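Notes follow once the structure below has been shown.
Number of protein chains: 2
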Amino acid sequence: MKDYKGQDVHKLGKCLHSKCSLCPVSALTEWTNLNDASNNILQSARQTSTYQPGSTIFHQNDAPLGVYCLMNGLVILKQMDVHGIETAFRLLFPGQTCGWRSLFGEHPHQASALVLEASTVCFIPLNDIENMLLEDPSLSRRFLKTIARDPGPANAVVLRNPPLAVRTRLTHLLLILSEQCMSKSIDGDLCYHLPIQRKHIASLIGTSVETVSRTIKELEDDSVVFFDRKKVLIPSIEKLRREVE
Amino acid sequence: MKDYKGQDVHKLGKCLHSKCSLCPVSALTEWTNLNDASNNILQSARQTSTYQPGSTIFHQNDAPLGVYCLMNGLVILKQMDVHGIETAFRLLFPGQTCGWRSLFGEHPHQASALVLEASTVCFIPLNDIENMLLEDPSLSRRFLKTIARDPGPANAVVLRNPPLAVRTRLTHLLLILSEQCMSKSIDGDLCYHLPIQRKHIASLIGTSVETVSRTIKELEDDSVVFFDRKKVLIPSIEKLRREVE
DNA sequence: CGTACCGTTGAGGTGAGTCAAAGTAAGTGG
DNA sequence: CCACTTACTTTGACTCACCTCAACGGTACG
């Protein structure tokens, strides 16, 4: 799992992208193989800015202004419903985009994008997206793919399913995160850094912090996963998978 | 709420579409204002078939073959997860399309489309969709809008939210259905025909049939809604809305 | 008039929510 | 460096919404 420079391949592939040194967004799904015209638009249009933890990239009910592309850091998408319950439905990792649903749906943002770790974000304004879509018809096809594959709704079926026990939902979340948090294996055990707090876990799987805490303890008692603060250690990935079934 | 022919405008607009007599699919969002070339493709490509209740239009894990467009009838989209729990996440009413998520996402169907009422369905094969997208770039923009506005994921936030009480989720479902089931008002009261069984309600809001039954009774005790078999009577829509908040 | 499916009702057990309080880590200022 | 504040996490006690199992009433259909 190491490349020729000794770097973690997984990390490089999943989170930083090999071409990011040239253009941070060029290696992402939506922007690969753009023709020259739309590539020029992209390069001149994109505005890079940094956000501190706790700040918000866009707010629920705001009008969509463009597409946001996360270069590094971590962002959580959360929705506040009429009951005042905060529902987090998506974590945004480097190399992923957000803001397109309300843009293409032509309605206000239905979620807020809250920054969890200091983040660098590329913003591509609405007008330039429009122009790029005109210059390069294949771009819309790639956006279609992105939206169709949106992990938010897909994961919700198992992460936020009332009849499923909290234990099942939590296990599933840990499994999903293990694939996105550049986990590395230490003599058989899978180990990764949990990028979020307990309250975010609770919000993602639709439960309370207290129950998250208790369920974690329960999983430790059964030797399924071990938590050390924000370190997650999985002795056997197969055992974790069996939990889900 | 009556148009010049005395017909129910709501019914006409929401469910049957004025142009359906000419071409059943031409008035739908995705197919409006197609240019001549792609319109020709559509007219020659679409295959109309009828389905009986209990039959399945496509199965989970099938490869996507094209887009399905419901002319009349009723279809439910349900997903079977690894735990064997059937999760219904979407009702398909006449004038709505399905099958595009897996098609554009380039992965197998993640749900089955089960026919609840005898249905007439137009099928447009993948190849023809491709050709239409090439002939008319604006079509992809309309599909982007459709996917971005997919009510399935949008409704899930409130219909399938573990911390929300069953009562709240059920109320919300009744509210959503009242807008889609051509409800008519009889001297102040809102009344409509519930197109689904108790087990489908249970599946849509993630609970058991028994609890659905009990919660319905509870709502009747509080005079929020009244059920007579599959007739739903809402004395006050405002009272129902207050329930949700 | 039976069979099958759908819907309702009852009883009992429990997972998980709420409230409250203590423990732990992290950051701040003197 | 140490008190101090603040935010995060854990633990305990209690309550209840909802699930499960089981039986029963209704309705449709042959």
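Respectively, the protein sequence lines represent chains A and B. Quick note on my numbering: the first sequence kicks off at 15 and runs consecutively. Quick note on my numbering: the second sequence kicks off at 15 and runs consecutively. Virtual Cβ for every residue (Gly too), placed ideally from N, Cα, C. Since the structure is predicted, the reported quantities are computational estimates derived from the model, not experimental observations.
- Unbroken stretches of the beta strand (DSSP E), 3 residues or longer, contained in the stretch 159-200 of chain B: Correct list: 198-200.
- Would you kindly work out how many angstroms separate the C-alpha atoms of B:Ile230 and A:Phe107, rounded to a whole number? 42 Å
- Any Cβ of chain B within less than 8 Å of the Cβ of A:His123? no
- Task: Give the secondary structure of A:Glu120 by DSSP, where H, G and I count as helix, E and B as strand, and everything else as coil.
- Result: Reduced to three states, the DSSP call for A:Glu120 is coil.
- Name the chain A residues that come within less than 7 Å of B:Phe118, Cβ to Cβ? Leu158, Lys159 and Ala162
- Task: Return the chain-ordered list of same chain residues with a C-beta closer than 6 Å to the C-beta of A:Gln194, the five sequence neighbours on each side being excluded.
- Result: Phe107, listed in sequence order.
- Put A:Ala125 into one of helix, strand or coil per three-state DSSP. coil
- Step through the CB atoms of chain A and report whether any lies within less than 8 Å of the CB of B:Gln93. Yes, because at least one Cβ of chain A sits closer than 8 Å to the Cβ of B:Gln93.
- Item | Amino acids of chain B, ordered along the chain, whose beta-carbon sits closer than 9 Å to that of A:Glu252 | Within 9 Å Cβ-Cβ: nothing; A:Glu252 doesn't reach chain B, min ~14 Å.
- Roughly how many angstroms separate the alpha carbons of A:Leu254 and B:Ala168, rounded to a whole number? 30 Å
- Does the count of Cβ pairs from the stretch 49-60 of chain B and the stretch 88-100 of chain B closer than 8 Å reach three? no
- What residues of chain A sit near B:Lys178, judged by a beta carbon separation below 9 Å? Residue 178 of chain B is actually Leu in this sequence, not Lys. Correct list: Asp95, His97, Ile99, Pro176 and Gly220.
- Helix or strand or just coil, what does DSSP make of A:Ser35? Confidence is the limiting factor: at A:Ser35 the pLDDT is only 41, short of 50, which leaves the residue's position unreliable and the question unanswerable from this model.
- Measure the CB-CB distance between A:Ala102 and A:Leu208 and report whether it falls below 8 Å. no
- Task: Please go through the same chain and pick out, in chain order, the residues whose beta-carbon is closer than 7 Å to the beta-carbon of B:Gln124, but skip the five residues on each side of it.
- Result: Gln74, Gln93 and Ser116
- For the candidate residues A:Ser222, A:Tyr206 and A:Cys205, whose alpha-carbon lies nearest to that of A:Lys213? A:Ser222
- Query: If you count every other CB in all the chains shown that lies within 10 Å of the CB of A:Ala162, and 16 or more means buried, which is it?
  - Reply: buried
- Separation of B:Met85 from A:Val180, as counted between CA atoms: Taking the straight line from one Cα to the other gives about 40 Å.
- Item | Boundaries (first-last residue) of the beta strand (DSSP E) holding B:Ser63 | Run containing B:Ser63: Gln61 to Tyr65, per the beta strand (DSSP E) assignment.
- Where do the ends of the alpha helix (DSSP H) carrying A:Leu140 lie? Leu140 to Glu149
- Message: For A:Ser126, count the other beta carbons within 10 Å of its own beta carbon; 16 or more makes it buried, fewer makes it exposed. Which is it?
- Response: buried
- Query: Taking the continuous beta strand (DSSP E) assigned at B:Ala77, which residues delimit it?
  - Reply: It is not in any beta strand (DSSP E) - B:Ala77 carries neither H nor E in the DSSP assignment.
- Message: Considering only DSSP beta bridges, list what B:Gln93 is partnered with.
- Response: Beta-bridge analysis with DSSP links B:Gln93 to B:Thr101.
- Item | Neighbour list for A:Ser154 in chain B, Cβ cutoff strictly below 8 Å | Pro151, Ser154, Arg155 and Leu158
- Task: With DSSP collapsed to three states, give me the class of B:Phe157.
- Result: In the displayed model, B:Phe157 falls within a helix according to three-state DSSP.
- With a threshold of 16 other CB atoms inside 10 Å of the CB of B:Asp235, please say whether the residue is buried or exposed. Label assigned to B:Asp235: exposed.
- Grab the span of the beta strand (DSSP E) containing B:Ile219 for me, first residue to last. That residue, B:Ile219, is in no beta strand (DSSP E); its alpha helix (DSSP H) goes Arg212 to Ile219.
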